[in-house]
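Peer 1: Starting off with a structure, shown below.
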Amino acid sequence: MVLYTSPFPNSFLSVLHSFSWGLIFPCYWLADRLVGSFVPTTYEKRQRADDPCYFHALCIIITTPIYLALLVASLPFALIGFLLWSPLQSVRRPYVYSRLKDKNHANGATLLTEWKAAGTGKSFCFGSANVCLLPDSLARFNNVFNTQARAKEIGRRIRNGASRPQIKIYIDSPTNTSISAASFSSLVSPQAGDNRTVNAGIKRTTSMEYKGDNCGSNNGEENREDKGGSGEPHEGEENTCIVRINGEENGHMSDTETDAVNGQARASGPAEPSLEGDAEISKTPNHKQKEGDSGSLDSCSASRESLVKVRVGDGTVDQSAVNNKLLYKASIMKKTSVRKKKHTDETFDHEISAFFPANLDFLCLQEVFDKRAAEKLKEQLHHYFEYIVYDVGVYSCHGCCSFKFVNSGLLFASRYPVMDAAYHCYPNGRGMDSLASKGALFLKVQVGSTPQDQRIVGYISCTHLQAIAGDTTVRCEQLDMLQDWLSEFRKSTSSSSTANPEELVAFDVLCGDLNFDNCSSEDKLEQQHSLFTHYKDPCRVGPGDDKPWAIGTLLDPEGLYDEEVCTPDNLQKVLESEEGRKGYLVFPTSKNHSSSQKGRKASLKGNGRRIDYMLYTEEGLYLEWKVEVEEFSFITQLAGLTDHLPVAMRLMVSTGEDDP
Numbered sequence: 006m007v008l009y010t011s012p013f014p015n016s017f018l019s020v021l022h023s024f025s026w027g028l029i030f031p032c033y034w035l036a037d038r039l040v041g042s043f044v045p046t047t048y049e050k051r052q053r054a055d056d057p058c059y060f061h062a063l064c065i066i067i068t069t070p071i072y073l074a075l076l077v078a079s080l081p082f083a084l085i086g087f088l089l090w091s092p093l094q095s096v097r098r099p100y101v102y103s104r105l106k107d108k109n110h111a112n113g114a115t116l117l118t119e120w121k122a123a124g125t126g127k128s129f130c131f132g133s134a135n136v137c138l139l140p141d142s143l144a145r146f147n148n149v150f151n152t153q154a155r156a157k158e159i160g161r162r163i164r165n166g167a168s169r170p171q172i173k174i175y176i177d178s179p180t181n182t183s184i185s186a187a188s189f190s191s192l193v194s195p196q197a198g199d200n201r202t203v204n205a206g207i208k209r210t211t212s213m214e215y216k217g218d219n220c221g222s223n224n225g226e227e228n229r230e231d232k233g234g235s236g237e238p239h240e241g242e243e244n245t246c247i248v249r250i251n252g253e254e255n256g257h258m259s260d261t262e263t264d265a266v267n268g269q270a271r272a273s274g275p276a277e278p279s280l281e282g283d284a285e286i287s288k289t290p291n292h293k294q295k296e297g298d299s300g301s302l303d304s305c306s307a308s309r310e311s312l313v314k315v316r317v318g319d320g321t322v323d324q325s326a327v328n329n330k331l332l333y334k335a336s337i338m339k340k341t342s343v344r345k346k347k348h349t350d351e352t353f354d355h356e357i358s359a360f361f362p363a364n365l366d367f368l369c370l371q372e373v374f375d376k377r378a379a380e381k382l383k384e385q386l387h388h389y390f391e392y393i394v395y396d397v398g399v400y401s402c403h404g405c406c407s408f409k410f411v412n413s414g415l416l417f418a419s420r421y422p423v424m425d426a427a428y429h430c431y432p433n434g435r436g437m438d439s440l441a442s443k444g445a446l447f448l449k450v451q452v453g454s455t456p457q458d459q460r461i462v463g464y465i466s467c468t469h470l471q472a473i474a475g476d477t478t479v480r481c482e483q484l485d486m487l488q489d490w491l492s493e494f495r496k497s498t499s500s501s502s503t504a505n506p507e508e509l510v511a512f513d514v515l516c517g518d519l520n521f522d523n524c525s526s527e528d529k530l531e532q533q534h535s536l537f538t539h540y541k542d543p544c545r546v547g548p549g550d551d552k553p554w555a556i557g558t559l560l561d562p563e564g565l566y567d568e569e570v571c572t573p574d575n576l577q578k579v580l581e582s583e584e585g586r587k588g589y590l591v592f593p594t595s596k597n598h599s600s601s602q603k604g605r606k607a608s609l610k611g612n613g614r615r616i617d618y619m620l621y622t623e624e625g626l627y628l629e630w631k632v633e634v635e636e637f638s639f640i641t642q643l644a645g646l647t648d649h650l651p652v653a654m655r656l657m658v659s660t661g662e663d664d665p
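Residue numbers (this note's numbering): 6 to 665.
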């Protein structure tokens, strides 16, 4: 299948489309600004309450007549542009595939090596988020604003979170699962292709794979030999360092050791500069970095549970304390923590994280409706993801039953090459949702090859269902269509037979905003849909019953700018407590209780409305391989930028073979 790298078949149509949109855009922009000035967010309301001179009200009185006059003047040009633009949509392609040509621009993609399926297995990490990048006037109804600035910041936070080093903490003591702050600063960063064991302070085993911005090549023979000998990392995990620390019982450091480690950090030189320089001054509260806000990995301090920021010294280091340079940016992926210990029967790790998972392989986004915002977001994501599919959907009356003003809002980013892609539009959208070409995006990616030159592939699907409450029948119909399209895409893109397979399927993942939860009584039909018999939900026990650690992904819009939740660290801490979740998450509605969110805490069911899903299946995969969930995360890194919590899942594909 040919992937579309431009929205139109030839340059003439592209130029004509640009010209027509140029005629429409002034009218669109003025209307957006005019409506937006009358829909304030809670942040703006608080600012205006502190304005004794009513300066903002005066500005609205002055600018409204100007906007209206300019809007009326631009209407004739917009009409001419629309008459040109609408017919062009019949030949427009359903998506645009962007591949980064200069790989030096991508911090993550340059470090990716092809999986040869020669070891015990490989893990793949998937992320999904609803980022609410609507035109600014519409985004304000969800209590977010400044769409263009948010798009750039969202992309920057995602790539910074995904490209940071990953450190997995394994604790030897079965009676203690704490990770002291002092132990964080004792971790070391390996040089490229270096893998060694370091002895320092406490009895703890740490597996760290470093994929930071300054990493070199990871294809050295020495690196591969070390991996085979350690037994800790799986094939495909580059730059892995095993740190072994021996000391006191129960994993605690002595005061002497703690002082020595902290002193080592204090004695080192100045911190590394940030990726972007962060010279921009934000116009919205969404981008304001406060003390302790680690959302962009550039703040002065950070959550000790999620980020370690240690200064790198230029001088020599005491070899008895540490054998390498200290990390300047690192993430702690805790394999055992207090909140995980409560559910010891779970077979995989789960947490509320202030960062996107390190080494994120695939990202599915919803509600990237604004085209200018999509370009800004794509530009930022290309610093980490080499392959991006964006501007997905149809416009005008082409391909769907009703007129579509905006696209599907779906965006897909990958570190692995995309082999095939297909998009389908849901024809049964109702109300406001019918104005967007909501649908499903299906992708086939190549993640490696076997020694016998068989391709190793994976399937990923991203969707966004009907949003209006009460439209249960519509969503069920869309789930039916989704299953049919999934089966059709698998058959049309498969190039192998059971007897003589040319390619091996490693995983099949479905994610997106399904707009129903597993707790609401109104969503019973969706909860019992046959989709969940084919795909597994790691957060779900059964229809109407979530696992106790699963939390809602829909934030209460009214509280987005509260001091308690406006930063990733603060939101993480709030959501770890039951009272915090009751105050800042949207819960299933009930006819027996008032609509006030905070006035019915005692009667709230579950841990909030979880409408963002990450599903996987074992059907149709290579029979000799086994797929298991290794880790599931609810992510707070986009605090203040969207009204949804992103989710992430790491799958382990086990081949059952021994390391060579």
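Positions of the beta carbon are idealized from the N, C-alpha and C atoms, including for glycine.
Can you grab the Cα-Cα spacing for the pair Lys529 / Trp490, in whole Å?
Peer 2: Here residue 529 is taken as the residue at index 524 of the sequence shown, counted from 1. Here residue 490 is taken as the residue at index 485 of the sequence shown, counted from 1. Computed Cα separation, rounded: 23 angstroms.
Peer 1: With DSSP run on the structure shown, which of helix, strand or coil describes Ser419?
Peer 2: Start at 1 with the first residue of the sequence shown, and residue 419 comes out as number 414. In the structure shown, Ser419 sits in a strand (DSSP, three-state: E or B).
Peer 1: Could you give the distance in angstroms between the alpha-carbon of Leu620 and the alpha-carbon of Phe521?
Peer 2: What you label residue 620 is simply residue 615 of the sequence shown in a count that begins at 1. What you label residue 521 is simply residue 516 of the sequence shown in a count that begins at 1. The straight-line gap from Cα to Cα measures roughly 14 angstroms.
Peer 1: Taking all protein chains shown into account, do 16 or more other C-beta atoms lie within 10 angstroms of the C-beta of Ser23, making it buried, or fewer, making it exposed?
Peer 2: The sequence position of residue 23 within the sequence shown is 18, counting from 1. Burial call: exposed.
Peer 1: Let's see if you can read the secondary structure: which residues bound the beta strand (DSSP E) around Ala653?
Peer 2: On the sequence shown, position 648 is the one that residue 653 refers to. Unbroken beta strand (DSSP E) run through Ala653: 652–659.
Peer 1: Taking a contact to mean a Cβ-Cβ separation below 9 angstroms, would you say Arg97 touches His403 in this structure?
Peer 2: Residue numbering aside, residue 97 sits at position 92 when the sequence shown is read from its first letter. Residue numbering aside, residue 403 sits at position 398 when the sequence shown is read from its first letter. Contact: yes.
Peer 1: Closer than 8 angstroms to a non-hydrogen atom of the ligand MG - does that hold for the CB of Thr68?
Peer 2: Of ligands this structure carries none, so the ligand MG is not represented either.
Peer 1: Per the DSSP calculation, Lys409 is bridged to which residue(s)?
Peer 2: In the sequence shown, residue 409 corresponds to position 404, counting from 1. Answer is Ser401, bridged to Lys409.
Peer 1: Among Glu624, Leu63, Trp630, Thr647, which residue has its Cα nearest to the Cα of Phe146?
Peer 2: In the sequence shown, residue 146 corresponds to position 141, counting from 1. Residue Thr647 is the option with its Cα nearest to Phe146.
Peer 1: With three or more C-beta pairs closer than 8 angstroms as the rule, is the segment 620–632 touching the segment 567–584?
Peer 2: no
Peer 1: If you draw a straight line from the C-alpha of Ser497 to the C-alpha of Glu624, how long is it?
Peer 2: Numbered from its first residue, the sequence shown carries residue 497 at position 492. Numbered from its first residue, the sequence shown carries residue 624 at position 619. When rounded, the distance between both Cα atoms is 17 angstroms.
Peer 1: Ala13 and Leu368: beta carbons closer than 9 angstroms?
Peer 2: Looking up residue 13 in the sequence shown gives position 8. Looking up residue 368 in the sequence shown gives position 363. In the sequence on display, residue 13 carries Phe and not Ala. Result no, Cβ atoms of Phe13 and Leu368 do not sit closer than 9 angstroms.
Peer 1: Rounded to the nearest angstrom, what separates Thr352 and Tyr618 at their Cα positions?
Peer 2: As a working mapping, residue 352 is identified with position 347 in the sequence shown. As a working mapping, residue 618 is identified with position 613 in the sequence shown. Whole-angstrom Cα-Cα distance: 19 angstroms.
Peer 1: Evaluate Thr10 with the Cβ neighbour count: other Cβ atoms within 10 Å of its Cβ, from every protein chain shown; 16 or more gives buried, anything less gives exposed.
Peer 2: Here residue 10 is taken as the residue at index 5 of the sequence shown, counted from 1. Residue environment for Thr10: exposed (fewer than 16 other C-beta atoms within 10 angstroms of its C-beta).
Peer 1: His649 CB to nearest chain B CB: under 9 angstroms?
Peer 2: The structure shown has no chain B; it contains just one protein chain.
Peer 1: By how many angstroms is the C-alpha of Leu536 removed from the C-alpha of Asn433?
Peer 2: The residue you call residue 433 lines up with position 428 of the sequence shown. The residue you call residue 536 lines up with position 531 of the sequence shown. Each residue's Cα considered, the two are about 19 angstroms apart.
Peer 1: Could you check whether Val101 and Tyr421 sit closer than 9 angstroms to each other, using their CB atoms as the reference points?
Peer 2: Counting from one through the sequence shown, the residue named residue 421 turns up at place 416. Counting from one through the sequence shown, the residue named residue 101 turns up at place 96. Contact: no.
Peer 1: What residues are listed by DSSP as bridge partners for His429?
Peer 2: Along the sequence shown, read from residue 1 onward, the residue named residue 429 stands at position 424. Answer is Ala445.
Peer 1: What is the DSSP secondary structure of Cys467, counted as helix, strand or coil?
Peer 2: Residue mapping note: residue 467 aligns to position 462 of the sequence shown, counting from 1. Note: Cys467 maps to strand in three-state DSSP.
Peer 1: State the CB to CB distance for the pair Leu484 and Tyr627, rounded to an integer number of angstroms; the pair is presumed to be in contact (CB under 8 angstroms).
Peer 2: Stepping through the sequence shown from its first residue, residue 484 is reached at position 479. Stepping through the sequence shown from its first residue, residue 627 is reached at position 622. Actually they do not touch by this definition, with Cβ atoms about 27 angstroms apart.
Peer 1: Who are the Cβ neighbours of Arg614 in its own chain at under 8 angstroms, not counting the five residues just before and after it?
Peer 2: In the sequence shown, residue 614 corresponds to position 609, counting from 1. Closer than 8 angstroms at Cβ, skipping near neighbours: Asp522, Cys524, Ser525, Gly557, Thr558, Leu559, Leu590, Val591, Phe592, Pro593.
Peer 1: I'd like to check one pair, Ala418 with Pro170: are the Cβ atoms closer than 9 angstroms?
Peer 2: Taking the sequence shown and counting its residues from 1, the one referred to as residue 170 is at position 165. Taking the sequence shown and counting its residues from 1, the one referred to as residue 418 is at position 413. Judged by their CB atoms, Pro170 and Ala418 are not nearer to each other than the 9 angstroms cut-off.
Peer 1: At what residues does the beta strand (DSSP E) containing Met619 begin and finish?
Peer 2: Position 614 of the sequence shown, counted from the first residue, corresponds to residue 619. From DSSP, the beta strand (DSSP E) with Met619 extends over 617–621.
Peer 1: Between Val20 and the rest of its own chain, which residues show a CB-CB distance below 8 angstroms, the 5 nearest in sequence each way excluded?
Peer 2: The residue labelled residue 20 in the question sits at position 15 within the sequence shown. Cβ neighbours of Val20 beyond the five flanking positions: none.
Peer 1: Let me know the secondary structure DSSP gives Pro179 once reduced to three states.
Peer 2: Locating residue 179 in the sequence shown gives position 174, counting from the first residue. In this prediction, Pro179 scores a pLDDT of 47, lower than 50, which makes its location untrustworthy; the coordinate-derived value is nonetheless stated afterwards. Coil, per DSSP.
Peer 1: On the three-state DSSP scale, how would you describe Leu509?
Peer 2: Here residue 509 is taken as the residue at index 504 of the sequence shown, counted from 1. Strand, per DSSP.
Peer 1: Taking Cβ to Cβ, would you say Ile357 is nearer than 9 angstroms to Glu581?
Peer 2: For the purposes of this step, residue 357 is identified with residue 352 of the sequence shown, where counting begins at 1. For the purposes of this step, residue 581 is identified with residue 576 of the sequence shown, where counting begins at 1. Yes; because the gap between Cβ atoms is below 9 angstroms, this pair is in contact.
Peer 1: Where does Glu569 land, buried or exposed, given buried means 16+ other C-beta within 10 angstroms?
Peer 2: Within the sequence shown, the letter at position 564 stands for residue 569. Glu569 comes out exposed.
Peer 1: Taking the runs of the beta strand (DSSP E) that are 3 residues or longer, which of them lie wholly in the segment 527–576?
Peer 2: 545–547
Peer 1: Using only alpha-carbon positions, find the residue among Ile29, Pro45, Leu39, Leu139 that is nearest to Ser79.
Peer 2: Looking up residue 79 in the sequence shown gives position 74. Here the closest residue by C-alpha is Ile29.
Peer 1: Between Asn135, Ser142, Leu143, which lies nearest to Ile159 when the distance is taken from Cα to Cα?
Peer 2: Start at 1 with the first residue of the sequence shown, and residue 159 comes out as number 154. Answer by Cα proximity: Asn135.
Peer 1: Would you call the CB atoms of His388 and Ser103 closer than 9 angstroms?
Peer 2: Your numbering for residue 388 matches position 383 in the sequence shown. Your numbering for residue 103 matches position 98 in the sequence shown. Not closer than 9 angstroms, so no.
Peer 1: For Ala134, list the residues DSSP reports as bridge partners.
Peer 2: For this step, residue 134 is matched to residue 129 along the sequence shown. DSSP, once it has assigned bridges, lists Leu370 as partnering Ala134.
Peer 1: Could you check what DSSP says for Phe150 in three-state terms: helix, strand or coil?
Peer 2: Mapped onto the sequence shown, residue 150 falls at position 145. Coil.
Peer 1: Quick one: what's Cys524 bridged to in DSSP?
Peer 2: Translated into the one-based positions of the sequence shown, residue 524 becomes position 519. Beta-bridge pairing links Cys524 to no other residue.
Peer 1: Which stretch, first to last residue, makes up the alpha helix (DSSP H) that contains Ser23?
Peer 2: Indexing the sequence shown from 1 puts residue 23 at position 18. Run containing Ser23: 16–41, per the alpha helix (DSSP H) assignment.
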